[in-house]
């Protein structure tokens, strides 16, 4: 793990780093000493580790809950190089969409492909970050919607350190099997008028989670229109399960 | 409106009353003076105005939010006399269930019948209670699940004083038309394994609400097993919309 830069702003310390060539960012409370809960965040498709919705949530986890938050660029996103295989699949998918294939099925297949790479990357990130004095070994949470859900479901299923997860805007097509291995509390976000994920697919993914405590929050609006009050709910959810 | 008794306990003043022969109960903060938000609560089938889940919620609305709360016995429930017509329908329904008719359809029909009586009763209750010095004319909310949803949907649709409602454990069969007239914010509770209300019916009722702000919370468990943390959410919802 190599630190590239460090800045501080309004109570939040931000450290950019690379870990085995993967660019990441770690946010902690400015004066943090000792172990604390850690939330790993997975960004959306076409976005990156410092996308506005990631930043806004990370700031609140740090300032209001005292947590550490870490995010990485997903392969072929943010500061990471293109991946030839992904480009090839994307081009193929474009042709398949034009030929009438279902968008949700193609998205799911793509996310399953990327997850094979991100699960071990994210696990290595937990290993590294939890060795830092100002993060330490505390409870771990995961937050990710859309692509962050498609990659998050197999990650949460594989990683026993994760004790609670916020997921959503994703369907069961790629990840029903992994979802059945998840037993930790989950808050699951659905956009009622999601133009990318069919409602029935969202419901099927929620249904597949083996967690005894899982709660689905559905709100009107399109894929990108999660209402602001859901962030308040996310804070309370993580506060309840990670503190 | 005739007051029958008054007691106080742990910060909550409880007044039993009758209004045109209907038995009701009003809870307010012990030292309440002046206008405040008022929540009308509708109890479940076979229950009554002081059922444990009504009492527990009312206490928290009063002590944590400073609200007034009012509840009435539904016809043929609690301290109210039997209603011959309802008994007849119940007997008929028993025979129809045995003949293989769908439970949810029969429940919906019964609730629509009862709502024709309760909507005007509840409106008269708001009129009377808001004339009291320690309640006054403030924003009004409604809380009701199961039978309280079946009766609540037509009430909220008909009553412009209601500015926010918590509903749930109910389906669209009886009340889709009334739901389409509801435009205030709604928090809607679904039990994922509800043995009485088919999931698809719950979803259809949520879908039918015309509210631009509506949020569906689904949790695992049977009809009567709403998790405790949903009450915290209800408090925040009413706090956001009625204060």
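Chains as they are written, first to last, in this note's numbering: chain A, -15 to 227; chain B, -15 to 227.
Where a beta carbon is used, it is the ideal one built from N, C-alpha and C, also for glycine.
Hey, does residue 201 of chain A have any beta-carbon neighbour from chain B nearer than 8 Å? yes
Taking the Cβ atom as the reference point for each residue, do residue 28 of chain B and residue 146 of chain B lie within a distance shorter than 8 Å? no
Am I right that residue 103 of chain B and residue 138 of chain B are in contact with their C-beta atoms under 8 Å? What's the rounded C-beta distance? 5 Å
Going by beta-carbon coordinates alone, are residue 200 of chain A and residue 202 of chain B separated by less than 8 Å? yes
So with Cβ pairs under 8 Å, would you call residue 66 of chain A a contact of chain B? no
I'd like to know whether the C-beta of residue 206 of chain A is nearer than 8 Å to at least one C-beta of chain B. no
Less than 8 Å between the CB atoms is what I'm expecting for residue 132 of chain B and residue 149 of chain B, so what's the real figure, rounded? Wrong, their Cβ atoms sit about 10 Å apart, outside the cutoff.
Between residue 205 of chain B and residue 185 of chain B, how many whole angstroms is the CB-CB distance? I'm expecting something under 8 Å. Not a contact, Cβ separation roughly 17 Å.
Cβ neighbour criterion (16 or more within 10 Å) applied to residue -1 of chain A: buried
If you draw a straight line from the alpha carbon of residue 62 of chain B to that of residue 30 of chain B, how long is it in whole angstroms? 8 Å
What residue does the beta strand (DSSP E) around residue 21 of chain A start on, and which one ends it? Taken as a continuous stretch (DSSP letters only), residue 21 of chain A belongs to no beta strand (DSSP E), as it is neither H nor E.
In chain A, which residues lie with their C-beta within 7 Å of the C-beta of residue 196 of chain B? 204
Can you give the Cα-Cα distance for residue 50 of chain B and residue -4 of chain B, rounded to whole angstroms? 10 Å
Which listed residue (A/3, A/152, A/217, A/188) has its alpha carbon closest to that of residue 183 of chain B: A/188
With H, G and I counted as helix, E and B as strand and the rest as coil, what does DSSP make of residue 196 of chain A? coil
Note down, in chain order, each residue of its chain lying with its Cβ closer than 7 Å to the Cβ of residue 100 of chain A, except the 5 sequence neighbours on either side. none
Can you name, in chain order, every residue of its own chain whose Cβ lies under 7 Å from the Cβ of residue 95 of chain B, other than the five neighbours on each side? 131, 134, 135, 158
Could you check where the alpha helix (DSSP H) with residue 102 of chain A kicks off and where it finishes? 87 to 113
Helix, strand or coil for residue 217 of chain B per DSSP? helix
Cα separation between residue 82 of chain A and residue 57 of chain A? 29 Å
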